[in-house]
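Going by this note's numbering, the first residue of the sequence shown is number -3, and it counts up by one from there. So the structure is just underneath, and the comments pick up after that.
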Amino acid sequence: MKNGILQCVAVLAALLFCAPAFAAPLQLKTSFKRDVQPVIHDYCLNCHEPGGKGYEKSGLDMRTYQSLMKGTRFGAVIKPGDSFTSILIQVVEGRVHASIKMPYGMSGGLARDKVELLKKWVDQGALDN
């Protein structure tokens, strides 16, 4: 009986010790509200909301998750799970004609860490989280 109790204590201690390691990957999930929306607010929204030049040209409204996922009058800009073919990522990476590289008129383009964050979110399924 004493060995059984010691084994239980050892297992519980090991679980408590290892729990943070198992929980860490959950924290790596990119959040639309926490991570993506602030980037959109700071770098995209001034053009891509009703009345903005980008909205008038393309119909892309980036005010909400739903309007972003709706895309433009020409089609979707995000393919959940596939950042490489998602138009949003192509335009911020500059893999398009220079005239449509986004953010428009921003010298040097969007910072690499912000581009990587957007790519990660799209690759993780572009969730409304």
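Idealized CB from N, CA, C, for every residue including glycine.
Within a 10 Å sphere around the beta-carbon of residue 44 sit 16 or more other beta-carbons, which makes this residue buried. With a cut-off of 8 Å on Cβ pairs, the region 90 to 100 is not in contact with the region 69 to 78, counting fewer than three such pairs. Shown here for residue 125: same chain residues with a beta carbon closer than 6 Å to its own, the five before and five after excluded, namely 27, 28 in chain order. Between residue 50 and residue 40, the CB-CB gap stays under 9 Å. Out of 24, 33, 30, 42, the CA that lies nearest to the CA of residue 101 is found in 42. Excluding residues up to 5 positions away in sequence, 68 lie with their Cβ nearer than 6 Å to the Cβ of residue 54 in the same chain. The DSSP-derived three-state label of residue 71 is strand. When the beta-carbon positions are compared, residue 35 and residue 114 come within less than 9 Å of each other. Boundaries of the alpha helix (DSSP H) around residue 51: 49 to 54. Comparing alpha carbon positions, the residue from 84, 70, 104 closest to residue 32 is 84.
Around the beta carbon of residue 57, a 10 Å sphere encloses 16 or more other beta carbons of the protein chains shown; the residue is thus reported as buried.
9 Å or more divides the Cβ of residue 89 from the Cβ of residue 73.
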